[in-house]
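Q: Top line first, the protein sequences correspond to chains A and B.
Position 157 of the first sequence, counting from 1, maps to 157 under the working numbering, and the rest follow consecutively.
In the working numbering, each residue's number is its place in the second sequence (first place is 1) plus 1000.
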Amino acid sequence: MTESNAAAIGATRDTPATRRRALLWHVVDDYSLILIFVALFAVLSASVQYFFSWDNMVGLLLSVSQIGMVSCTMMFCLASRDFDLSVGSIVAFAGVFCAIVANATGSVTIGIAASLAAGAFVGFVNGAVIAKLKINALITTLATMEIVRGLAFISSHGQAVGVTNEAFFALGSASVLGLPVPVWVTLACFAVFGVLLNKTIYGRNTLAIGGNPDASRLAGVAVDRVRIAIFLIQGVVAALAGIILASRMTSGQPNAGEGFELNVISACVLGGVSLMGGRASISGVIVGVLIMGTVQNAMSLMNIDAFYQYLVRGTILLIAVLVDQLKNRRQAR
Amino acid sequence: MIDVPRLEFRHIGKTFPGVRALADVGFQVRAGSVHGLLGENGAGKSTMMKILGGEYIPDEGEVAIDGQPMNFRKAADAIDAGVAVIHQELQYVPELSVMENLLLGRLPTRFGLVDRRKALAWTRQRLDALGVDLDPRAKLKQLSIGQRQMVEIVKAILRDATILALDEPTSSLSHRETDVLFRLVRDLRAQGKAMIYISHRLDEIFELCDAATIFRDGRKVADFETLEGVTRDTLVERMVGRDIGDIWGYKPREHGDIRLSVKGVSGRAVPQPVSFDVKAGEIVGFFGLVGAGRSEIMRVIYGADRRLTGDVAVDGKPVKASHIRDAIRHGLVLCPEDRKEDGIIGVRSVAENINISARRNHLTAGLFVNDAVEAKTADGFIERLRIRTPHRRQEIRLLSGGNQQKAVLSRWLAEKDLRVLIVDEPTRGIDVGAKNEIYNVLYELAGRGVAVVMISSELPEVLGVSDRVIAMCRGRIVAQFARGEANETNVLAAALPEGASATPTPAE
């Protein structure tokens, strides 16, 4: 008994083989999501006709561009242990408002500027109420979600608002170096917010607040200010997504972006952003967005009824969360 | 063998990714005895207790009860076998009452509804029988941490546990609560229970334990069948693995001009204005009973809580009220009392926790975090303060308490222009070796001219480390003593409220 135990101890103690295996597991853990995406992509490329073609790839990227942009800011929001349900409504209102102002002034630039400012204002209100008045983020943004959606319907009288100035449509349909403008904007968002998260005090403090708000405050983090900034920036980016969507549809539509907020949050969670705060990575979010887009795209190509796509999306999300949970549990033991 | 021990650990081994927590550790605990478990933070004591409680599954070896090998796969298995492990972090339902917590899952019912009267009578009677003074109807969240601990212990007793393990039960108890706890432990011993008692307070080990085992770096380094004739120094030396000599290691220093000046400061929790000064290079110890207002006034001075009246100045320059970042800019910082809630950011790395404040001073292009400098800073402190971590990227929650404390200290040591350091219970729940290291950091800072304020509930520590002792009672400063004048009797007498029991048990 004693001898065999001693032998067992000798065997598990840091032999090169066990260390290699541990390292391999580490790599698999860190890149599991990317590996899953690569595998999924390879299988779909091989099995689904037209999937791996330039036109389809561009279409796929275009289809996730709105979600992609807002996922960047939602990542900050979730990383700081907060939540924002109002982004879908901001998308709709920003599109409608941009169209109205552009039509009234005859200037697309003024329309866009006014719409972005409106997004910033909604975001600021969210942030200020949550940070200063200490109201739960879920409730606050649920309220602004309703209010802003209401404003979109009221200002448009419930109708799509067409834009008369054709210059506006370039934003959604023009191509630069073979890729549509919305895709470029999304890529820019990934780059900018990736750097913000990893390389600036703002990003690091966001993660710290999500990890422990009280300790962060005592360590000298301007917690309220960071929180307000997170929501304000999210408002601006959601408005930008709304403007681009309106441009693609050639009109601002008050019922646009319904369920958008949940798709964005799903993409983030799929990308390993923790709802408990403190953990997030831009590479995860990018892969999360791509997985969502790829699955949807492949199902459309395979002529699967759109109604089934809800089922598949939900299932994928559930599996992603379960895998994450298992991973954490293994680390804790 | 005739004399089968009630509990035996046999060749236990446990490895976590990157850390060998326990290696071939075994010891025995007899029925009707209290067995002390000693060792520095990270020595493997808590891991052992989690194995006993069925929370961890050992990689090697086994736990045996009455000679029978047990194979706990989950916490419920251990409970069924009569094992109760009471952890440092308590598990209870804060919104429920004492009674409901004690009877959770088996409340008496009548016509399908909870029979509150019966439950209440039963709970009262059991609490009285145990000599525990608790209101069965009080919600757990209304109780002090010490009282909550009592509830946990009572819960274990009511479950008819035959093996009880207490992991640092007294770290947040008052003297009186400690006395009640000790009486309870002795009663349980008389009833034949086997108990494991983990504490960093050696006097408690001597007072309570029949036998002891010492861990170091995941191995057993000593077993004492009896503690008769064993000296304190022997235990410390075996725990630390080196002779640390005088644990305080105090040496007199020169003091400079007044660095921190506090005039008439008050806050919501400390309504009476408080004034005191600390000179450059001076270490001032604040002593008082729990609730004397020491932590509260320091939080107001630092700006964590609202300052209602008064002025705080560092080197004559006023510090804005209720403004933490202004305090930090003036070189006035605070290491908070509750490390887990207010100190560390658990899911972030050791390096992040160290660099979170000082990084503003070395940004690239005024905007980007300089990872190279931060890595150097973090590695520097990990080495200098001997922070035990596999690497700087480890999440800080996975470190032991002493090492977390050192990381929080490093956060402020990394400040270029540190002038005033306030440390609140810097060594609570920390082992002897790490304590000594923390004292040395305080001395070094004071030697460089930093004004140090140390709050501690351990009187020997306050007396051993401070140049000057300030006693607080009920939110007011009641006495000051120079080193040399201060002793246990006069400081404690000053800190006790009028009309309190005249002869409390001093900590040493």
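Even glycine gets a Cβ: it sits at the ideal position worked out from N, Cα and C.
Would the beta-carbon of G211(A) fall within 8 Å of that of V96(A)?
A: The answer is no: Cβ separation not under 8 Å.
Q: Output needed for P1426(B): all residues of its chain with C-beta closer than 7 Å, excluding positions within five of it in sequence on either side, in chain order.
A: Cβ within range, chain order: C1335, Q1405, I1438, M1454.
Q: Counting along the chain, where does the beta strand (DSSP E) carrying Q1480(B) start and finish?
A: 1476 to 1482 is the extent of the beta strand (DSSP E) around Q1480(B).
Q: Which residues in chain B sit within 9 Å of D305(A), going by Cβ to Cβ distance?
A: The premise fails here: D305(A) is roughly 41 Å from chain B at the closest Cβ pair, so nothing lies under 9 Å.
Q: Starting from the beta carbon of L207(A), find every residue of chain B whose beta carbon is closer than 7 Å, and list them in chain order.
A: Chain B residues near L207(A): R1348.
Q: Run through DSSP, which three-state label would Y50(A) get?
A: Reduced to three states, the DSSP call for Y50(A) is coil.
Q: Any beta carbon of chain A sitting closer than 8 Å to that of R1411(B)?
A: Chain A, which has a Cβ nearer than 8 Å to the Cβ of R1411(B), makes this yes.
Q: Looking at C-alpha atoms only, which residue of I1145(B), A1165(B), R1159(B), V1284(B) is the closest neighbour of A1451(B)?
A: Closest by alpha carbon: V1284(B).
Q: Report the three-state DSSP secondary structure of R1020(B) (helix, strand or coil).
A: Note: R1020(B) maps to strand in three-state DSSP.
Q: Please report how far the alpha carbon of R1006(B) lies from the alpha carbon of D1128(B), in whole angstroms.
A: Looking at the two C-alpha atoms, the distance is approximately 29 Å.
Q: Look at the alpha carbon of R1110(B) and the alpha carbon of L1184(B), and state the distance between them as a whole number of angstroms.
A: Taking the straight line from one Cα to the other gives about 33 Å.
Q: Decide if the stretch 1176 to 1193 of chain B is in contact with the stretch 1019 to 1039 of chain B; the criterion is three or more beta carbon pairs, one per stretch, under 8 Å apart.
A: The stretch 1176 to 1193 of chain B vs the stretch 1019 to 1039 of chain B: in contact.
Q: Using the C-alpha atoms, what's the distance from S1266(B) back to C1473(B)?
A: So the two alpha carbons sit approximately 15 Å from each other.
Q: Quick one, which residues of the stretch 215 to 227 of chain A are near chain B if we go by CB-CB under 8 Å, in chain order?
A: So the list reads A215, S216, R217, L218, A219, G220, V221, A222, given in the order they occur along the chain.
Q: For R1448(B) and L1413(B), I'd like the C-alpha separation in whole angstroms.
A: Distance between the alpha carbons of R1448(B) and L1413(B): 12 Å.
Q: So what's E1062(B) in DSSP terms, helix, strand or just coil?
A: Here E1062(B) sits in strand by DSSP.
Q: Just to confirm my understanding: we take L1442(B), look at its own chain, exclude 5 residues before and 5 after, and list those with CB closer than 8 Å. What are they?
A: Closer than 8 Å at the Cβ level, and outside the excluded window around L1442(B), lie I1283, L1421, V1423, P1426, V1452, M1454, V1465.
Q: Below 9 Å between beta carbons is the criterion; list the residues of the stretch 265 to 291 of chain A that meet it against any residue of chain B, in chain order.
A: Listed by position along the chain: S274, M276, G277, G278, R279.
Q: Quick one: is A1304(B) near chain A, going by C-beta distance under 8 Å?
A: So, interface residue.
Q: Which residues in the same chain as L1158(B) place their Cβ atom closer than 8 Å to its Cβ, once the five residues preceding and following it in sequence are excluded?
A: The residues are L1102, R1126.
Q: Whose C-beta lies closer than 6 Å to the C-beta of P1058(B) among residues of the same chain, with five residues either side of it excluded?
A: Here the set comprises I1012, K1014, I1051.
Q: Would you kindly work out how many angstroms separate the C-alpha atoms of L1227(B) and L1202(B), rounded to a whole number?
A: Cα to Cα, the separation comes out at about 11 Å.
Q: At a Cβ threshold of 8 Å, is N136(A) touching chain B?
A: So no, N136(A) is outside the interface.
Q: Flag this pair as yes or no: are the beta carbons of A241(A) and V70(A) separated by less than 8 Å?
A: Contact: yes.
Q: Nearest CA to the CA of I1079(B): which residue from V1432(B), A1165(B), R1397(B), R1388(B)?
A: Selected option, being the one with the closest Cα: A1165(B).
Q: State the Cα-Cα distance for the pair L1181(B) and L1143(B), rounded to the nearest angstrom.
A: For L1181(B) and L1143(B), the distance between alpha carbons rounds to 16 Å.
Q: Listed from N- to C-terminal order along the chain, which residues in the stretch 183 to 214 of chain A have their beta-carbon within a distance smaller than 7 Å of any beta-carbon of chain C?
A: Considering every chain present, this structure includes no chain C. Its protein chains are A and B.
Q: In terms of DSSP beta bridges, what is V1262(B) paired with?
A: V1262(B) pairs with F1276(B), V1312(B).
Q: Quick check: A94(A) and G68(A), are their CB atoms within less than 8 Å of each other?
A: No, the Cβ-Cβ distance between A94(A) and G68(A) is not below 8 Å.
Q: To the nearest angstrom, report how far apart A1023(B) and R1219(B) are at their CA atoms.
A: Roughly 6 Å between the two C-alpha positions.
Q: What residues from the stretch 1348 to 1372 of chain B come within 9 Å of chain A, judged by C-beta to C-beta, listed N to C?
A: Answer in chain order: R1348, E1352, N1353, N1355, I1356, S1357, R1359, R1360, L1363, T1364, L1367, F1368, V1369, D1371.
Q: In the DSSP assignment, find the unbroken alpha helix (DSSP H) run with Y1056(B) in it and report its ends.
A: Looking at the DSSP string, Y1056(B) is not in any alpha helix (DSSP H), and its letter there is neither H nor E.
Q: Helix, strand or coil, according to DSSP, for K1317(B) in the structure here?
A: K1317(B) falls in the strand class under three-state DSSP.
Q: Could you tell me which residues DSSP pairs with G1036(B) in its beta bridges?
A: Beta-bridge pairing links G1036(B) to Y1197(B), A1212(B).
Q: Whole angstroms are fine: how far does the CA of K1118(B) sit from the CA of G1112(B)?
A: So the two alpha carbons sit approximately 14 Å from each other.
Q: Using a threshold of 8 Å, state whether the C-beta atoms of L171(A) and V181(A) are closer than that.
A: Taking 8 Å as the Cβ cut-off, L171(A) and V181(A) qualify as a contacting pair.
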